[in-house]
Amino acid sequence: MGAIIESAPLYLAGFVATLQLLAISGIGAFLIGLLIAAFRISPIAPLRAFATCYTEILRNIPLLLILFFCAYVLPYLQVRLDFFTLALIGLTGYTSTFVAEAIRSGINGVPAGQAEAARSIGLNFRQTVTLIVLPQAIRTVVPPLINVFIALTKNTSVAGAFFVPELFGATSRATRDHGDAVIPLLVFAALLYLVITVPLGLLANAIERRVTVLR
Amino acid sequence: MSMSAIYDAPGPIARRRARIASIVATALILALLAWVIYLLASPRVSANGARTPGVFDASRVDILGDPAVWQAVVGGLLGTLQMAAVAAAGAMFIGILFSFARLSDAPWIRTPTAVVLEFFRGMPILLMMLFILLVLSTGPFWAGVLALAVYNGALIGEALRAGILSLPRGQREAGLSIGLTKFQTRMQIEFPQAFRQMLPVIIAQMVVLLKDTSLAYVVGYHELLRSVTNMQNFFGNRYLFTLFAIVVVVYLSVNLLLSWLARYLARRSGSRTGEVAMASVGAVGAESA
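Just so you know, the sequences run in chain order U and A. Numbering of the first sequence is given in this note's numbering, commencing with residue 48 and proceeding in unit increments. Numbering of the second sequence is given in this note's numbering, commencing with residue 688 and proceeding in unit increments.
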């Protein structure tokens, strides 16, 4: 217990850094993911191909490699940014592919009849998408999207291995300082992660129950 | 939904517009690619004025002919696959245990299991690896294996539970009515069906597990990335980009191959299976690191 109190400032700074990583890369990943999803359903073939390559490549490289690239290879190529920004770039890029996939599968989940019906009553492309398809897609997209952000919360810990003093980095430093109290220090860190992930999970379940459309 | 359902069949004007947009988009993408390649290939001047050649320069790729590099690649890949295989077997075992305990009739088994599952699913694998490494002092290999097995076991357990719950009630009732015990019904009637139904999800999770073995890099295990990038200590810092590129290519090929295999199996095992499995993919498949 004493070790936790002594390391409290370390943990607090780490927790704040984790929340910052989560918030900034979460918003960035959402915006980029939205764009990539839009590319994937666009009628322009090269954009579709680009979006497919982007998601397939980034999704199939382990996050650790992406952050390794950001932390070692980019500075090596003389990109001069601090490690926090570099980690943000890596997390944003990696997470954006999962956001894009969640949005795309939500749009795919809307039955074709809905769009056909919209078009047959004379709505144009923009109206079909904004009035008929998207409102239905968003309902099925939100719970998986929250799951993506839960995964992102846990993924921020990988940044801790690359010189970013977030919660995992702070924990491993605290365990080095207090080698005799490793178990409480690690359990405390796990609880701090759960403080973020469990409410998000409950939120996802609640939304899922409320917005599910029975067809 | 098939994408063509959103828009009308294009007329001549729309077709022309689409063609122009395609050409512009292609040009932009090619320009972007060319710019990245140009940036990589151009020599760099570092802060102290020293010039270093671009990454495609012969002085940076001449190690590709050295068998020591390929030995490191094969050794690292074997280390990664070994960890993935042991962890996958462990995850299956733990997943089955979790799914049974979570569906147990006794509340004093069911409730603690639910809490433990939530705990394991909500914390980062890295933290679990560090915990096992420091508390159980197992060494990097077993720290990685145990953390991956427990984490993925929790996810597979939830998938199996969803599979068992999605079975028609009559399956269990029929089992009980022909005189099987509850345990026999679960083992012989419910579980085999749930397992087959959830096979695509489980395989997808195994692909994620293989990707996640890279996290063992952090606890010092000699997996692919560490064993290959360690070669720069031997050959010199200027090979970092080349060595890293090798690791990326190996990971990409292995993962794309496995993803393709998972999709093939999902398609082959029938549409009903695919539907239930895909419904739970949102919960399971998204949780990758």
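Just so you know, even glycine gets a beta-carbon here, dropped at the ideal spot from N, CA and C.
Identify which residue in the options has its Cα closest to the Cα of residue i.
i         : options                                : result
Ala775/A  : Glu860/A, Glu805/A, Ala891/A, Ser946/A : Ala891/A
Asp753/A  : Gln919/A, Trp947/A, Arg954/A, Leu939/A : Gln919/A
Ile750/A  : Ala705/A, Phe928/A, Ile707/A, Gly831/A : Phe928/A
Ser914/A  : Val761/A, Met893/A, Val732/A, Lys898/A : Val761/A
Arg950/A  : Leu835/A, Ile889/A, Leu719/A, Ile700/A : Ile889/A
Ile1029/A : Pro231/U, Gly75/U, Phe215/U            : Given that chain A is displayed from residue 688 to residue 976, the structure contains no residue 1029/A and the question cannot be resolved.
Phe921/A  : Met816/A, Val756/A, Arg883/A           : Val756/A
Leu912/A  : Gly766/A, Gly777/A, Met874/A, Ile876/A : Gly766/A
Phe882/A  : Ser853/A, Val894/A, Leu896/A           : Ser853/A
Leu81/U   : Ile154/U, Ala236/U, Leu199/U           : Ile154/U
Phe115/U  : Thr916/A, Tyr926/A, Leu945/A           : Thr916/A
Arg873/A  : Ser729/A, Gly741/A, Phe787/A           : Phe787/A
How many whole angstroms separate the CB atoms of residue i and residue j, which I take to be in contact at a CB cut-off of 8 Å?
i        : j        : result
Ser709/A : Leu111/U : Actually they do not touch by this definition, with Cβ atoms about 37 Å apart.
Gly850/A : Gly782/A : Between Gly782/A and Gly850/A the Cβ distance is about 11 Å, and since that is not below 8 Å, they are no contact.
Phe209/U : Phe130/U : 6 Å
Leu192/U : Val146/U : 7 Å
Phe639/A : Tyr938/A : Residue 639/A cannot be examined here, being either before or after the span of chain A that is shown, 688 to 976.
What number of angstroms, rounded off, separates the C-alpha of residue i from the C-alpha of residue j?
i        : j        : result
Asn171/U : Lys869/A : 57 Å
Ala98/U  : Pro799/A : 44 Å
Gly763/A : Val934/A : 9 Å
Ala745/A : Leu930/A : 14 Å
Ser864/A : Pro887/A : 31 Å
Asn194/U : Val803/A : 19 Å
Ile136/U : Cys117/U : 8 Å
Thr187/U : Ala228/U : 45 Å
Tyr119/U : Gly923/A : 15 Å
Ala217/U : Val906/A : 15 Å
Arg856/A : Asn839/A : 28 Å
Ser204/U : Leu814/A : 8 Å
Gly698/A : Ser152/U : 28 Å
Ser72/U  : Ala861/A : 51 Å
Glu148/U : Ala737/A : 44 Å
Lys46/U  : Arg704/A : Coverage of chain U is limited to positions 48 through 262, which leaves residue 46/U absent and any answer about it impossible.
Leu715/A : Gly831/A : 43 Å
Asn942/A : Gln769/A : 15 Å
Val245/U : Ile254/U : 14 Å
Trp795/A : Asp899/A : 33 Å
Leu847/A : Ala793/A : 19 Å
Leu821/A : Ala60/U  : 23 Å
Leu105/U : Thr144/U : 7 Å
Val234/U : Tyr240/U : 10 Å
Ala771/A : Tyr101/U : 26 Å
Check residue i in the structure and name its three-state DSSP category.
i        : result
Thr144/U : helix
Val935/A : helix
Val732/A : strand
Arg873/A : helix
Arg706/A : helix
Arg127/U : coil
Thr739/A : strand
Tyr908/A : coil
Leu170/U : coil
Ala966/A : Only weak support is given to the placement of Ala966/A: the predicted model assigns it a pLDDT of 49, under 50, and the value that follows is read from those uncertain coordinates. It is helical.
Leu111/U : helix
Asn252/U : helix
Leu823/A : coil
Pro699/A : helix
Thr868/A : coil
Met48/U  : coil
Ala793/A : coil
Ala60/U  : helix
Pro190/U : helix
Glu213/U : coil
Asn942/A : helix
Val157/U : coil
How should residue i be labelled, buried or exposed, when 16 other C-beta atoms within 10 angstroms of its C-beta is the threshold for buried?
i        : result
Phe743/A : exposed
Ile113/U : buried
Tyr141/U : buried
Gln758/A : exposed
Val723/A : exposed
Val968/A : Residue placement at Val968/A is poorly supported in this model, since its pLDDT is 45, which falls under 50; the coordinates still yield a value, given next. Label assigned to Val968/A: buried.
Arg257/U : exposed
Val176/U : buried
Val63/U  : exposed
Phe818/A : buried
Met893/A : buried
Glu53/U  : exposed
Met48/U  : exposed
Gly169/U : exposed
Gln875/A : exposed
Residue i: beta carbon under 7 Å from a heavy atom of the ligand ATP?
i        : result
Val905/A : No copy of the ligand ATP occurs in the structure displayed, which carries no ligand at all.
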